Structures are given as C-alpha cells and as structure tokens.
Amino acid sequence: MPGWRTDRGPRLLGAVIPQVTRPAFKKRSPAAAQLIAEWPSVVGPVLAAQTIPRGLTGGTLTIACSGPVAMELQHLAPQLIGKVNSAMGHALVQRLRFVQGVVPPPARRAPPPKPVALPETVSTALQSVEDPQLREALARLAQGVYRGRRSPG
C-alpha cells in the first residue's frame with residue numbers, strides 16, 4: 002500500500018516512553034530531579050538552608066554554597082554522601098563538588114493569625130469540655146472556622 006508505514010498506529014507504551022522522556026532526562030536525570038526535590042528532607046533543615054544542589058553527573062553531586070560553608074562541607078563529605086545515598090536507596094553519589102553561589106535565605110513563616118472573638122454559644126460549649134487537650138483542639142478549630150467570617154452588622 003503506498004503511503005502506509007508500519008511505525009504508525011498502535012504501539013506499546015514502553016516503546017514510546019524513551020522517545021518522550023529522553024529530552025527531559027538529558028537536562029536532568031530522574032534521580033537528580035528526585036534528589037533536588039527532596040533535598041531538605043535528605044540533608045536536614047540546617048544544611049538545606051545553606052546549600053542548593055545544582056546537578057548530578059557521573060556520580061558527582063554539585064552543590065552551591067557560600068564560601069565558608071564549603072570548607073565545613075568538605076569535612077562532612079563522607080557523612081553527606083552517606084546520607085544522600087541512603088535516602089536515594091543506592092550508591093548514587095561518589096563525589097561532591099562545591100561551587101560558590103548565593104543561597105537565598107529561607108522563606109519567612111507568616112505570623113500566626115490573630116485570635117477572633119468566638120460567639121457566646123461556642124465559648125460556653127468549649128468551657129464544658131473536660132479534657133484540656135480536646136478543649137484546646139476544639140478552640141483552634143473554632144478559631145479557624147470563625148476567622149474567615151465577617152462580623153454581622
């Protein structure tokens with residue numbers, strides 16, 4: 002049949018996926034993307050606030066940090082490599098490479114919302130709860146419910 006090609010039509014998904022994902026994985030491997038996404042939980046909040054993983058190539062993890070932190074990380078390299086590899090489930094990183102970079106400060110947490118006046122019926126009902134932990138949890142719930150409401154009038 003003229004114009005008919007065997008590569009058109011239904012194909013197995015497994016045959017198509019490599020063609021679709023190859024361009025994305027050339028830029029960043031799936032393991033590197035997972036490591037970058039999970040960086041704070043892998044290294045902990047203190048190191049995550051001072052470092053940013055930049056990439057993973059050939060077993061070398063590139064980490065951006067400020068100058069003074071790089072020296073400390075150099076001493077912690079074996080422990081850091083162990084943490085990363087155990088979190089990823091296999092020996093993904095063999096070496097660390099440190100580059101100087103600006104690490105943005107951690108995002109500030111929003112201040113806690115101001116308490117709102119609860120209706121008299123809710124306050125009375127809360128006072129009748131004997132368990133202090135339950136009373137506190139219900140009070141927080143009521144604050145959340147009534148915080149978004151406008152006062153009548």
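Just so we're aligned: the sequence shown equals residues 2 to 154 in the numbering used here.
The beta-carbon is built from N, C-alpha and C at its ideal position, and this holds for glycine as well.
All values derive from a computational prediction rather than experimental measurement.
- Counting only residues of its own chain and dropping the five nearest sequence neighbours on each side, Ile53 has a CB closer than 6 Å to the CB of Ala65, Val104.
- Looking at the DSSP output, Leu62 shares a beta bridge with Leu57, Leu97.
- Between Ala32 and Leu93, the CB-CB gap stays under 8 Å.
- For Ser42, the enclosing alpha helix (DSSP H) covers residues 40-44.
- If you check the CB distance, Phe99 and Gln75 come in under 8 Å.
- Apart from sequence neighbours up to five positions away, the residues of its chain that approach Ala143 with a beta-carbon distance below 6 Å are Leu119, Val123, ordered along the chain.
- Here Leu36 really is in contact with Val43; their C-beta atoms are around 7 Å apart, less than 8 Å.
- DSSP links Thr122 through a beta bridge to no other residue.
- Linking Gly60 to Pro41 through their CA atoms gives a straight-line distance of about 20 Å.
- Within the same chain, Gly60, Thr61 come within 7 Å of Arg96 by CB-CB distance, once the 5 residues on both sides are set aside.
- Taking 8 Å as the cut-off, the Cβ atoms of Arg148 and Pro114 count as close.
- If you look at His76, you'll find it in the alpha helix (DSSP H) that goes 68-89.
- Here Leu14 is exposed, its C-beta having fewer than 16 other C-beta atoms within 10 Å.
- DSSP places Pro105 outside any alpha helix (DSSP H), giving it a letter other than H or E.
- A straight-line Cα-Cα distance of about 55 Å links Ser67 and Glu121.
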